[in-house]
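Visitor:
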Amino acid sequence: MVATILYWGIVAAFCGWGLWNLVFSGIYLHNHENGNLWFFAILNALGALLGAIFLWVMSNVSWQKYWFDSSVKIGPWLGYILIFYVVLIVLQVILGREKKAPAAA
């Protein structure tokens with residue numbers, strides 16, 4: 352039971368954080384505050400790394416029983432979310448570049 356609650360809680364948290372990032376990335380792009388996208392990209396990279404470690408632990412039933420004393424049959428949702436995060440990180444890094452100011456004459 353613990354593994355089920357934890358798995359779906361992590362999936363819900365990643366969905367919420369991804370939606371939050373998507374909204375604020377759009378706001379920052381609209382306001383031409385592209386430098387803030389780099390900060391979100393760093394946070395998303397750390398989150399994606401933690402999510403990948405969590406997915407790795409949850410993909411093995413014996414590890415689930417060792418860490419959580421219960422097991423859950425996981426679906427592909429967390430994998431899809433991590434793919435979304437990788438795409439979001441790449442877009443934030445590309446769109447987060449600031450244009451260089453022209454040299455003063």
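In our numbering, the protein residues as written are 352 to 456. Cβ atoms here follow ideal geometry from the backbone N, Cα and C, with glycine treated the same way. Remember, predicted model here, so these are calculated numbers, not experimental data.
1) Taking the alpha carbon of Leu397 as the reference point, which residue from Glu449, Val408, Trp428, Trp368 has its own alpha carbon closest?
2) Looking at Ile440: is its Cβ nearer than 7 Å to the Cβ of Ala392?
3) Going residue by residue through the stretch 374-419, where are the continuous alpha helix (DSSP H) segments of at least 4 residues, counting only ones entirely within it?
4) Buried or exposed: which applies to Gly426, given that a residue is buried once 16 or more other Cβ atoms fall within 10 Å of its Cβ?
5) Within 8 Å, do at least three Cβ pairs link the stretch 421-437 to the stretch 352-363?
6) Between Ala399 and Leu433, how many whole angstroms is the CB-CB distance? I'm expecting something under 8 Å.
7) Between which two residues does the alpha helix (DSSP H) containing Gly430 stretch?
8) In angstroms, rounded to a whole number, what distance separates the CA positions of Trp414 and Val408?
Guide: The structure says:
1) Trp368
2) yes
3) 386-409, 412-419
4) Under this definition Gly426 is an exposed residue.
5) yes
6) 6 Å
7) 428-446
8) Between Trp414 and Val408, the C-alpha separation is close to 6 Å.
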